[in-house]
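Engineer:
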Amino acid sequence: MDDNSTISIKDLIQLYLQHLWVLIISLIVGGGAAYAYTHFLVAPEYSSHISMYVQTYIGITDENSYNDISKSKQLINTYIQVLKDDAVMESVGKALSKQFDSSVISDSFSVSNGNIRPSSLASCIAISSVTDTSAITISATTKNAELSAAVCNELCKQANSFAQKAIGVGEIKSIDTAKIYPSPVGPNKTKNAALGGIGLMMISAFIIFIIDFFDNTIKSTEALSKKYGKAILGEIDELPESKNKKENEEKFSLLRDDIPFNVVESFKSLRTNISFAISTSEKKAFIISSSNPDEGKSTTAANIAVTMADEGQNVLIIDADMRKPVQHKIFSVKNERGLSSVLSKMNGINECIQKTSKEKLSVMTSGPIPPNPSELLCSPRTAGMLEELSSQYDVIIIDSPPVNVVSDTLNLSQNVAGMLTVVRSGYTTDEDIRNLVSKSEMAHMEMLGFVLNRIKRKSGVMYGKKYRYNYYNSYKTYGENSKMKAESKG
Numbered sequence: 002m003d004d005n006s007t008i009s010i011k012d013l014i015q016l017y018l019q020h021l022w023v024l025i026i027s028l029i030v031g032g033g034a035a036y037a038y039t040h041f042l043v044a045p046e047y048s049s050h051i052s053m054y055v056q057t058y059i060g061i062t063d064e065n066s067y068n069d070i071s072k073s074k075q076l077i078n079t080y081i082q083v084l085k086d087d088a089v090m091e092s093v094g095k096a097l098s099k100q101f102d103s104s105v106i107s108d109s110f111s112v113s114n115g116n117i118r119p120s121s122l123a124s125c126i127a128i129s130s131v132t133d134t135s136a137i138t139i140s141a142t143t144k145n146a147e148l149s150a151a152v153c154n155e156l157c158k159q160a161n162s163f164a165q166k167a168i169g170v171g172e173i174k175s176i177d178t179a180k181i182y183p184s185p186v187g188p189n190k191t192k193n194a195a196l197g198g199i200g201l202m203m204i205s206a207f208i209i210f211i212i213d214f215f216d217n218t219i220k221s222t223e224a225l226s227k228k229y230g231k232a233i234l235g236e237i238d239e240l241p242e243s244k245n246k247k248e249n250e251e252k253f254s255l256l257r258d259d260i261p262f263n264v265v266e267s268f269k270s271l272r273t274n275i276s277f278a279i280s281t282s283e284k285k286a287f288i289i290s291s292s293n294p295d296e297g298k299s300t301t302a303a304n305i306a307v308t309m310a311d312e313g314q315n316v317l318i319i320d321a322d323m324r325k326p327v328q329h330k331i332f333s334v335k336n337e338r339g340l341s342s343v344l345s346k347m348n349g350i351n352e353c354i355q356k357t358s359k360e361k362l363s364v365m366t367s368g369p370i371p372p373n374p375s376e377l378l379c380s381p382r383t384a385g386m387l388e389e390l391s392s393q394y395d396v397i398i399i400d401s402p403p404v405n406v407v408s409d410t411l412n413l414s415q416n417v418a419g420m421l422t423v424v425r426s427g428y429t430t431d432e433d434i435r436n437l438v439s440k441s442e443m444a445h446m447e448m449l450g451f452v453l454n455r456i457k458r459k460s461g462v463m464y465g466k467k468y469r470y471n472y473y474n475s476y477k478t479y480g481e482n483s484k485m486k487a488e489s490k491g
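Numbering-wise (the working numbering), the sequence shown opens with residue 2 and increments by one.
1) Roughly how many whole angstroms lie between the Cα atoms of L148 and Q15?
2) Can you give me the C-alpha to C-alpha distance between T410 and R324, rounded to a whole angstrom?
3) Straight-line CA distance for A444 to N412?
4) Taking the alpha-carbon positions, what's the K144 to S104 distance?
5) Taking the Cβ atom as the reference point for each residue, do L221 and S290 lie within a distance shorter than 8 Å?
6) Assuming contact is defined by CB atoms lying nearer than 8 Å, are G297 and N454 in contact in what I supplied?
7) Could you check whether I398 and I237 sit closer than 8 Å to each other, using their CB atoms as the reference points?
8) Can you give the Cα-Cα distance for A150 and C157, rounded to whole angstroms?
9) Determine the DSSP secondary structure at I288, reduced to helix, strand or coil.
10) For E91 and I117, I'd like the C-alpha separation in whole angstroms.
11) Pick from V152, S162, S113 and V55: whose alpha carbon is nearest that of D133?
12) Identify whether L97 lies in helix, strand or coil by the three-state DSSP scheme.
13) Any idea what DSSP makes of L256, helix, strand or coil?
14) Using 8 Å as the limit for Cβ to Cβ distance, is L97 near chain D?
15) From the DSSP output, which residues share a beta bridge with D216?
16) Who are the Cβ neighbours of S426 in its own chain at under 7 Å, not counting the five residues just before and after it?
17) Which one or two residues does DSSP pair with R425 in a beta bridge?
18) Locate the alpha helix (DSSP H) running through I25, then write down its first and last residues.
19) Between G232 and I275, what straight-line distance do the alpha-carbon atoms span, to the nearest angstrom?
20) L255 and V307: beta carbons closer than 8 Å?
21) In the DSSP output, what is G187 paired with across the bridge?
22) Alpha carbon to alpha carbon, what distance is there between I209 and S135?
23) May I have a chain-ordered list of the beta strand (DSSP E) segments no shorter than 3 residues that lie completely inside the region 333-402?
24) Helix or strand or just coil, what does DSSP make of A150?
25) Let's test the definition: count the other Cβ atoms within 10 Å of the Cβ of L214 and tell me whether it reaches 16, buried, or not, exposed.
26) If G31 and G197 are in contact, beta carbons under 8 Å, what's the gap, nearest whole angstrom?
27) So, with DSSP's three-state summary, where would you put E312?
28) Quick one: grab the DSSP three-state call for T178.
29) Evaluate N405 with the Cβ neighbour count: other Cβ atoms within 10 Å of its Cβ, from every protein chain shown; 16 or more gives buried, anything less gives exposed.
30) When you compare the region 181-195 with the region 107-123, are there three or more beta-carbon pairs, one atom per stretch, that lie closer than 8 Å?
31) Do you know how far the Cα of E312 is from the Cα of K359?
32) Exposed or buried, S107, counting other C-beta atoms within 10 Å across all chains shown (16 or more means buried)?
33) So, helix, strand or coil for A321, using DSSP?
34) Thinking just about the alpha-carbon of each residue, which of K346, T422 and T273 is nearest to the one in M448?
35) Starting from D102, trace the alpha helix (DSSP H) both ways and give me its first and last residue.
36) Going along the chain, which residues of its own chain have a beta-carbon closer than 6 Å to the beta-carbon of H20, five neighbours each way excluded?
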């Protein structure tokens, strides 16, 4: 995120729409994992219950009966607290240990010195009063149906004696015994699956937010322009990337016929904006560079050269990246001699210029990799070469090394109209741009503007994307039909 940016609800919605597939997968995986854990690893639980009634002395008259019930209600809370006491739990635990095997006991309770811990037994028991009555309901849940019923019955059996010792008033009675219910009451697999899915999805959402919050890569042309006060000359969509680097260099080249129409139009628009940007300068040469490697500056330079040549301008592209040259691969020409050959006076200028498949486009490759690229570029020979070439070409495009890696590019500041900076969306960081701008200002390099490259179009705008492609294709078809009609008339 930018330093002074704020987060709105709209931003959050867009963020989560962009990562909707992650949230959906998290929901499915979390729900499935919770369901599987509950089904295979959590033992089923069985419950039983019994009701008891609190009463005092029952008189003969109706009035005495009414008073007995009222007094019984007052005693209920006291009785409940007595039944939860550790002494009661310990007594019930000893009775249960005599009725069941130790393995059954240890499956449901914590055992110490052969005895059930009172706290463990109490955690399996729920005691509550029935509203507006003098009744108490006791329920027990364990991993054994018979054990659950036995807990209720044993507690009911001993309740009265402990109540008499503690209170000395009233009496607790039960009508029936607790029954054994063979159907498990838990765990709730559906509920656990829902909680697991929602929980993992919320964790994923939080991680997505944190990653985005601390992500300082450039994704927005608006933020880029506003922060650095430079024009955005173009936006180029991302194309599918191959694992083979050579294939990528060829795949993104406009020399191919299968490049999407919207990408072609983006470069044509970029060409127009560049023409306006350099129109006020007397120099015909301009630089295309980037902050770091792998941001697409060489391919962008080649494609701009192609579109300018298609417009009818006489264009020369120079590969000044003498450490990692690429242009000879893009245009499928030899790199036996080139820029390094000219600057080292091994060959003449015209000897190092090669024609490409485009009629108006020529290329000067990097030539053999020299041991001192920076010294060659800042030599007086460079200025003389560009001045001579300016008399032969309408536009000279220089593909130079990344600014933040080496100083080669900035050595050309006095010989060019300016520098176009390629920024890779979601890759170039704020710090990268700050360093580039700072170095450019120190070298008095005129910055023409930015190109945001390899923009990822998100799934949240699929309809708009579909409409845009249809819109472009309609114009493309219209243009092709018009051309055919003109040719037929001719």
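Glycine residues also receive a C-beta, built at the ideal position from the N, C-alpha and C atoms.
Structural biologist: A quick look at the data gives this:
1) What you label residue 148 is simply residue 147 of the sequence shown in a count that begins at 1. What you label residue 15 is simply residue 14 of the sequence shown in a count that begins at 1. Using only the alpha carbons, I get a separation of about 54 Å.
2) For the purposes of this step, residue 410 is taken as the residue at position 409 of the sequence shown. For the purposes of this step, residue 324 is taken as the residue at position 323 of the sequence shown. Taking the straight line joining both Cα atoms gives about 12 Å.
3) Within the sequence shown, residue 444 is the residue found at index 443, counting from 1. Within the sequence shown, residue 412 is the residue found at index 411, counting from 1. Using only the alpha carbons, I get a separation of about 8 Å.
4) Sequence index remark: in the sequence shown, residue 144 carries index 143 (1-based). Sequence index remark: in the sequence shown, residue 104 carries index 103 (1-based). Distance from the CA of K144 to the CA of S104, rounded to the nearest whole angstrom, comes to 11 Å.
5) One-based indexing of the sequence shown puts residue 221 at position 220. One-based indexing of the sequence shown puts residue 290 at position 289. Checking the sequence, you will find Ser at residue 221 rather than Leu. The answer is no: Cβ separation not under 8 Å.
6) Translated into the one-based positions of the sequence shown, residue 297 becomes position 296. Translated into the one-based positions of the sequence shown, residue 454 becomes position 453. With respect to N454, G297 sits close: the two C-beta atoms are nearer than 8 Å.
7) As a working note, residue 237 is residue 236 in the sequence shown. As a working note, residue 398 is residue 397 in the sequence shown. For I237 and I398, no; Cβs fall outside 8 Å.
8) If you number the sequence shown from 1, residue 150 lands on position 149. If you number the sequence shown from 1, residue 157 lands on position 156. Their backbone Cα atoms lie some 11 Å apart in a straight line.
9) Along the sequence shown, read from residue 1 onward, the residue named residue 288 stands at position 287. Looking at I288 - three-state DSSP - the assignment turns out to be strand.
10) In the sequence shown, counting from the first residue as 1, residue 91 sits at position 90. In the sequence shown, counting from the first residue as 1, residue 117 sits at position 116. Taking the straight line from one Cα to the other gives about 7 Å.
11) Position 132 of the sequence shown, counted from the first residue, corresponds to residue 133. Minimum Cα distance to D133 is reached at V55.
12) As a first step, residue 97 is located in the sequence shown; it is residue number 96 there, counting from the start. L97 carries a helical assignment under DSSP once its states are collapsed to helix, strand and coil.
13) In the sequence shown, the residue the question calls residue 256 occupies position 255. It is coil, neither helix nor strand.
14) The question asks about chain D, but that chain is absent: this structure has only one protein chain.
15) Taking the first residue of the sequence shown as 1, we reach residue 216 at position 215. Per DSSP, none; premise fails for D216.
16) Within the sequence shown, numbered from 1, the residue matching residue 426 stands at position 425. The answer, listed in chain order, is I219, K220, L453, N454, R455, I456 and K457.
17) Sequence index remark: in the sequence shown, residue 425 carries index 424 (1-based). Per DSSP, the beta-bridge partners of R425 are N454.
18) By 1-based counting over the sequence shown, the position of residue 25 is 24. Here the alpha helix (DSSP H) through I25 covers L21 to L42.
19) Stepping through the sequence shown from its first residue, residue 232 is reached at position 231. Stepping through the sequence shown from its first residue, residue 275 is reached at position 274. For the record, residue 232 in the displayed sequence is Ala; it is not Gly. One C-alpha to the other measures close to 10 Å.
20) As a first step, residue 255 is located in the sequence shown; it is residue number 254 there, counting from the start. As a first step, residue 307 is located in the sequence shown; it is residue number 306 there, counting from the start. Against a cut-off of 8 Å, the Cβ pair of V307 and L255 comes out as a contact.
21) Taking the sequence shown and counting its residues from 1, the one referred to as residue 187 is at position 186. Its beta-bridge partners are E46.
22) Locating residue 135 in the sequence shown gives position 134, where the first residue counts as 1. Locating residue 209 in the sequence shown gives position 208, where the first residue counts as 1. So the alpha carbons of these two residues sit roughly 55 Å apart.
23) 362-365 and 396-400
24) As a first step, residue 150 must be located in the sequence shown, where it is residue number 149. Note: A150 maps to helix in three-state DSSP.
25) By one-based count along the sequence shown, residue 214 stands at place 213. What sits at residue 214 in the sequence shown is Phe, not Leu. It is exposed - the Cβ of F214 has fewer than 16 other Cβ atoms within 10 Å.
26) Residue mapping note: residue 31 aligns to position 30 of the sequence shown, counting from 1. Residue mapping note: residue 197 aligns to position 196 of the sequence shown, counting from 1. With 8 Å as the limit, G31 and G197 qualify as a contact, their Cβ atoms being about 5 Å apart.
27) Walking along the sequence shown from the start, residue 312 turns up at place 311. Looking at E312 - three-state DSSP - the assignment turns out to be coil, as it is neither helix nor strand.
28) Taking the first residue of the sequence shown as position 1, residue 178 is located at position 177. Coil at T178, not helix or strand.
29) Numbered from 1 along the sequence shown, position 404 holds the residue referred to as residue 405. Answer is buried; the Cβ neighbour count reaches 16.
30) no
31) For this step, residue 359 is matched to residue 358 along the sequence shown. For this step, residue 312 is matched to residue 311 along the sequence shown. Distance between the alpha carbons of K359 and E312 is about 11 Å.
32) Position 106 of the sequence shown holds residue 107. Classification for S107: exposed.
33) Locating residue 321 in the sequence shown gives position 320, where the first residue counts as 1. DSSP places A321 in coil when its eight states are reduced to three.
34) Within the sequence shown, residue 448 is the residue found at index 447, counting from 1. Cα-wise, what sits closest to M448 is T422.
35) In the sequence shown, the residue the question calls residue 102 occupies position 101. Taken as a continuous stretch (DSSP letters only), D102 belongs to no alpha helix (DSSP H), as it is neither H nor E.
36) On the sequence shown, position 19 is the one that residue 20 refers to. Within the same chain, H20 has close Cβ partners I209.
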